[in-house]
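Visitor: One structure coming up, written as structure tokens, with questions to follow.
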Amino acid sequence: MRGRSYAPGVFLFEAIERAAAAGEHAAARFIAVDPIDENAQSFYSAFGFRPVPGDGGGRIYLRIDEALAALDEGQIWASQPVAIGVC
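Quick note on the numbering used here: the sequence shown kicks off at 45 and runs consecutively.
What follows is the structure, encoded as structure tokens:
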């Protein structure tokens with residue numbers, strides 16, 4: 045992956061698809077994220093993630109069924125590419 049560019053949502057698409065597949069076996073209903081900073085919070089919020097009620101630590105979530113519907117409808121999409129490098 046060194047020196048290649050990927051759209052920011054590409055990895056999120058993959059994560060949603062994997063979470064949905066795992067949810068079929070483990071009865072998972074949500075994807076939870078602990079964003080590392082405000083930029084990460086904004087990134088996930090743009091894809092529909094919202095704060096966990098009562099959680100003061102900044103955890104956000106998205107229901108798997110909503111995520112899959114958004115993927116199907118094209119609401120979650122890859123925008124501008126981001127360079128990903130390996131050290």
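Every residue gets a Cβ at the ideal spot worked out from N, C-alpha and C, and that includes glycine. The structure displayed is predicted, hence computed values, not measured ones.
Going by DSSP, which residues form a beta bridge with R94?
Guide: Your numbering for residue 94 matches position 50 in the sequence shown. Paired residues: Y105.
Visitor: Does the Cβ-Cβ distance between I108 and P95 come in under 7 Å?
Guide: The residue labelled residue 108 in the question sits at position 64 within the sequence shown. The residue labelled residue 95 in the question sits at position 51 within the sequence shown. For I108 and P95, no; Cβs fall outside 7 Å.
Visitor: In the DSSP output, what is F74 paired with across the bridge?
Guide: Here residue 74 refers to the residue found at position 30 when the sequence shown is read from its first residue. F74 is bridged to R107.
Visitor: Using CA atoms only, rank isn't needed, just tell me which of A64, D99 and I75 is closest to G92.
Guide: The residue you call residue 92 lines up with position 48 of the sequence shown. It is I75 whose Cα lies nearest to the Cα of G92.
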